[in-house]
Each structure stands twice: as structure tokens, then as C-alpha cells.
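The opening residue of the sequence shown carries number 1 in the numbering used here; numbering runs sequentially from there.
Heads up, the thing below is written out as C-alpha cells.
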Amino acid sequence: MEMAKRIWFSLVGQPIFLLVLFSPLIPFVCGRNVQNSPSGLYGFTGISSFRLINRRSLLTCPDPNPYLAINVTSVDPLANEQNVTVTVSGVIIPDKSDWVAMISPSDSDVSSCPVNSIMYQQTGDFSSLPLLCHYPVKAQFLSMDPSYLKCGKKECRTHASNVCVLRTCSGSITFHVVNIRTDIEFVFFTGGFETPCILRRSQPLKFANPKMPLYGHLSSIDSTATSMRLTWVSGDRSPQEVQYGDGKSQKSTVSTFTRGDMCTSDLASPAKDFGWHDPGYIHSAVMTGLQSSQTYSYRYGSESAGWSEKINFHTPTAGGSDKVRIVAFGDMGKAPRDLSVEHFIQPGSIMVIEAIEKEVASGNVDAVFHIGDISYATGFLVEWDYFLHLIHPVASRVSYMTAIGNHERDYVDSGSVYETPDSGGECGIPYETYFPMPSSSKDKPWYSIDMGSIHFTVISTEHDWTQESEQYKWIEKDLASVDRSKTPWVIFTGHRPMYSSQGGGIIPSVDQRFTKAVEPLLMKHKVDLVLFGHVHNYERSCFLYEGECKGMPNKDKSGLDTYDNTNYTAPIHAIIGMAGFSLDAFPIIEYGSPFVEPDKKSRGLIRITENLNRYLSN
1 MEMAKRIWFS LVGQPIFLLV LFSPLIPFVC GRNVQNSPSG LYGFTGISSF RLINRRSLLT
61 CPDPNPYLAI NVTSVDPLAN EQNVTVTVSG VIIPDKSDWV AMISPSDSDV SSCPVNSIMY
121 QQTGDFSSLP LLCHYPVKAQ FLSMDPSYLK CGKKECRTHA SNVCVLRTCS GSITFHVVNI
181 RTDIEFVFFT GGFETPCILR RSQPLKFANP KMPLYGHLSS IDSTATSMRL TWVSGDRSPQ
241 EVQYGDGKSQ KSTVSTFTRG DMCTSDLASP AKDFGWHDPG YIHSAVMTGL QSSQTYSYRY
301 GSESAGWSEK INFHTPTAGG SDKVRIVAFG DMGKAPRDLS VEHFIQPGSI MVIEAIEKEV
361 ASGNVDAVFH IGDISYATGF LVEWDYFLHL IHPVASRVSY MTAIGNHERD YVDSGSVYET
421 PDSGGECGIP YETYFPMPSS SKDKPWYSID MGSIHFTVIS TEHDWTQESE QYKWIEKDLA
481 SVDRSKTPWV IFTGHRPMYS SQGGGIIPSV DQRFTKAVEP LLMKHKVDLV LFGHVHNYER
541 SCFLYEGECK GMPNKDKSGL DTYDNTNYTA PIHAIIGMAG FSLDAFPIIE YGSPFVEPDK
601 KSRGLIRITE NLNRYLSN
């Protein structure tokens, strides 16, 4: 198969493939503005004061107020997804430090934990206050009810001579709740996030069906697209099944992980300690006998646990076909669908997944590639359920392929390349359980797959990639085995980049050792495009090798960049880690430096800020 090697970095469909890259700053699909900039949400992505209560004690306030009460208005028992209204009443003097937390399970240990300032540093808390032994799922200040601090909702409690002499105030806030299997409780605090003490607790609320099969998501297992894996979560440990097509079915295999499986060190990790939440049971089944590029329906579950709704899904194009349409991004995470604050919030994630959902519904997507930093649960295990709920409208309908990132794998003395506490003690175990990819075995999360005319090589930047390592030898063998007559395009992808103009923090964004070790393989085997995340922004390079531009793109008649690699010169690198997190700032770049603005006639990375108004108006 011969064809000119051209890549158009426009936002329209391509004759070879559609690559859609999302930005939470100006999210768009195919040139359409999806939603305005979420600038009001940016503050939630930093280390908020709520995040710091992970290590504080919960004290009972000495409050004699007999009128104080907390009530929950909801369907009882709880549905799989619903909004729950929590009303605090009988407050004599409303204060801006009053807040409500959602805690699960309701019998969690909320006593004080030993003081250990080094343990604070794992979670970003550098204070020296008592520790909180259990992590609240989410929280809201009662001032989110605009009438609360003004006592807009009054109730007279005591009269004297027909005159009210004691009024109390109330406030109501709404929480978005999904089925996390364990019961939940709402707790009313005062003292803010820094010095919390308990005033009242609600009655425990249970889910109607803790065993309900939920959050099914698809992945490809090989390049034929004749089989698809479905993975879902349930509170039921007995095997279930997926029913699909015309009367076909497959039994599930069942797995889980325990607190004892989590990594730790001399200091307990969040996953091992205050962030642990029972994951239930993860079911997985492979649907066989399918055809590529076709639409089927399925449901999953059992008579005893319940059944999911019937869902239509589309198989990807088989390797060797002429066309495939993919969505690729990194670093998405999740965000609350209420006004809560949580451990980590990626404000762009909701609008990104909603934009992809529209494209999937329109038949414009064959597969999704999410290249690292998946949920950002980082040791707070309940957040995996919220992430799976977020991606379900997309991942239940098309193949959702992933790569491992630092926030899934890295931890001290765990065997990861980078001994940072970024995974919060998860060490890749929840990730690989929730997202089984076609890799050779556990903790070897590298694989390759063909879709259409593209060969994808997916690696782990968090596992050993040095020249004598198992992964390096696999990469070399995989790239050497590509049949260019079948898949003339080769895309190499992982999490941490080889090049970026963003320097990073204590640990640089780019590890020159990784670039030096692996980049020659890309050049040797003529990789066309390299996709990385980790840096929370978008950057795109020239034809780049050993820090030198070997060629520049040309402008077509519409002003879009066209990369002509008919006579191969070097790979193109693109950083696409901007799907959810607040955007990293770029440094000021001098003219003639290796990284320059696109209108400068020199070498370097081309930013997403280039001519955005022109793109959006086309």
C-alpha cells in the first residue's frame, strides 16, 4: 500500500484518520465551540483546603442547641444515580465555616490519628494538626445556599407575649450521588475545613441495590476487531454474563483488590489508610464472533444482581482498513456534577466527555485512547466509581483504550521508574483491574494494536525503558514487526513526553534519559506521530529528532498546517495532556530558541493558541 505521508492538523475529518484533541480552555470538536471557558472552576484544581482535611481529627463540638437537625430529602433507598438534598435546620447563628460532608461507609472511623507531618506531605497537607482517619467523599459549605448566611429561611422557636424571641435558620444544598455500594452518611460540621468539629450526623442511607452491575466499558483485545472486552463493577462476587447480538452470551471472570494489595512504605499510603474504599467486584467478559465496523447491542448482569440497560456499541475498524477515527487525550480525571469540592477536580473533564459523547452518537468515533492519568483517584478509591460513571456514556459504546501514567503507578519502593507518591499507593493495581488492556501480563502494561491503517504502540513511561529492560526489547521488536503494507502509519504513545517547553516542578516534565534511550527506536523504525500527556496543555512539534527540527509543516490554502513526510525525516511529537486539568503555563520563549511561537520562522513546538479564532470560525 503506497500513499503520500501527510498529516493535516486541522479539526475536520481526514481521509486517513480523524485525530480529535481536546482542551479545557477552549474545548472543540471539528471546529465547533462546545462550551465557554470554565475559568470559574480553575481554583478547584489546586490543593484546596478541603483536600487538606485528609489528615485532621473530627471533634464533636460542645453545642447544646436542641433545635439543630440535619435531614436528607431523597429516594429511600438510594437509586444508582440521583441528587440528594441535605437540609440543616435549627441554626441559631449561621457561619461561613459551616459545611456538610458526604462520608462512606457510615461506620467509618472518624477518630483522631497520630500526628505525623511527613504523612501530610503525601497528600499536600503541610500543617501540624491532628489527623483525620477517614476521607470524606465530597463536601459543600452551607453558604452555597445563598440564603443561609442571611438567615433567609427562618423558623420561630420561642415566643414571648406573642412576639418571636428566638428564630433559627436553615440552609439546603444538593449532592450528586452515584452507587458506590456502601451506605453513606451526611455530617454537619462547623469550624471550616481546617478545624472541623461535628455538630450533627444524618441517618445512614443505603443504596437500593448494592449488587447492581454498573459502569460497563469496552476495550479491544486484538487487531481483528472481531472480539471486544466488556468490564463492569458490581457488589456481587458471583459470575455474571454479558448478553449480546442475536442470543449470544459470555460468562464473566471476577476479580477485586483489597487494602492489603495497596502499596505503602514506612508511612501508610492514602490507599492503605484514610483513602481506602471497598471496590466491590470487577467483572470482565469477552464478546466473540463479532465483525469489525458494525453496531451491536448488549446488556450485562444476572437475574440475582440485576441487569444493565440495553446498550448499542460499535466495533472499531480492523487493522489494514483504509480509515479509522479516533479521539486521543491524556490527563482527564473527573469533576463533580454538583457544587462540591473533592480531593482532585479536573474542571475540563465533564465538557470534554460530553463533547466526545456527541461525536460518538454521531458515528464519528471508532475508538478512544486515554494516555495516562486516568481518574486521578491517587489513593482515594471511591473516586474510581465517579470516574467510571463519568466516562460510561462513551466507554460503553466504543473501545476505550488506555495507557498507564504516574498517577496510576508511581510510589516509593514499588518498582516504578519514578519513586514519587503520585499514585497514593495504588501502584497500578486498581488501574489494571478496571482497565484490562491486551498486555502480556500484570504490571507489564505495554501493548500494540492495529486499527485501520494505523499501528499503535502503547508503552509505560513509568516502567523500566532502559536498553536492557524487558519493555525496551518489546518496543524494538514491536516496531520492527510492523507491516507497512497493511498499516503504513505508526503512532507511538505513552504518558511522559520526550519534549516540552514546559519545564515542570521538582521533577522535570521531560526525562532526558528516557528520550536518549527510546527516541532512536522511533527514528530507526520511522514512527510517524508520537502522542504524550503529563504536561497539562497542548504542544505540537516540527519533524523532530535529537532536539533538532528536521523539517517544518507547510500551510495549505486554508492556512492549516500540513506535514508532508513522503520522504521520511523524523517523527512529529504532540502533547495532549489537556483533557481535564487546569492548563500549565508556558514559559516566555525567545525568538530562535528550540521552542517558538508558530509565526516565527524557526524551529520548535506549535501551540494550540495558534490562530484559534480562525479555527473556530471555519
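Each residue gets a CB set at the ideal place from its N, CA and C atoms; glycine is no exception.
Being a predicted model, the structure only gives us computed values, none of them experimental.
Asked, Found
"7 Å CB neighbourhood of Q240 in its chain, flanking five on each side removed", "P213, S234, S252, H283, Y300, G301, S302 and A305"
"Simplified DSSP assignment, three categories, for E470", "helix"
"Anticipated Cβ contact below 8 Å, R181 with D278, distance rounded", "7 Å"
"Buried or exposed (CB count within 10 angstroms, at least 16 for buried), D331", "buried"
"Cβ pair count under 8 Å reaching 3, the region 450-470 against the region 512-524", "yes"
"For K251, the residue or residues it bridges with in DSSP", "E241"
"7 Å CB neighbourhood of Q82 in its chain, flanking five on each side removed", "S74, V75 and V177"
"Contacting residues, own chain, Cβ-Cβ under 8 Å from D366 (five flanking each side not counted)", "S293, H314, P316, T317, V324, R325, I326, V398, S399, M451 and G452"
"L142 and I173 closer than 9 Å at C-beta", "yes"
"CB of K555 within 9 Å of CB of T566, strictly", "no"
"Sufficient close CB pairs (3 or more, under 8 Å) joining the region 384-393 to the region 214-234", "yes"
"Residue nearest to I652 in terms of C-alpha spacing, selected from S297, L339 and A335", "Because the chain here runs from 1 to 618, residue 652 falls outside it and cannot be looked at."
"Cβ-based burial, C156 [other Cβ within 10 Å; buried from 16]", "exposed"
"Beta-ladder partner(s) of W307, from DSSP", "G301"
"Sub-9 Å separation of F188 and V88 beta-carbons", "yes"
"Exposure label - H159; buried when at least 16 CB within 10 Å", "exposed"
"For I353, three-class secondary structure by DSSP", "helix"
"Residues bridged to E155 [DSSP beta-bridge criterion]", "T168"
"Residue interval of the alpha helix (DSSP H) (run including H455)", "Not the alpha helix (DSSP H): H455 falls in the beta strand (DSSP E), residues I454 to V458."
"Where S143 falls: helix, strand or coil (DSSP)", "helix"
"Whole-angstrom distance between Q471 and V412, CA atom to CA atom", "21 Å"
"Inter-residue spacing [alpha-carbon to alpha-carbon] between V107 and D261", "Per the sequence shown, residue 107 should be read as Asp rather than Val. Taking the straight line from one Cα to the other gives about 22 Å."
"Span of the beta strand (DSSP E) around D385", "Note, D385: premise wrong, no beta strand (DSSP E); alpha helix (DSSP H) at V382 to A395."
"Separation of E426 from D273, as counted between CA atoms", "11 Å"
"Spatially closest choice to R484 from L531, S469, I454 and N162, by CA coordinates", "I454"
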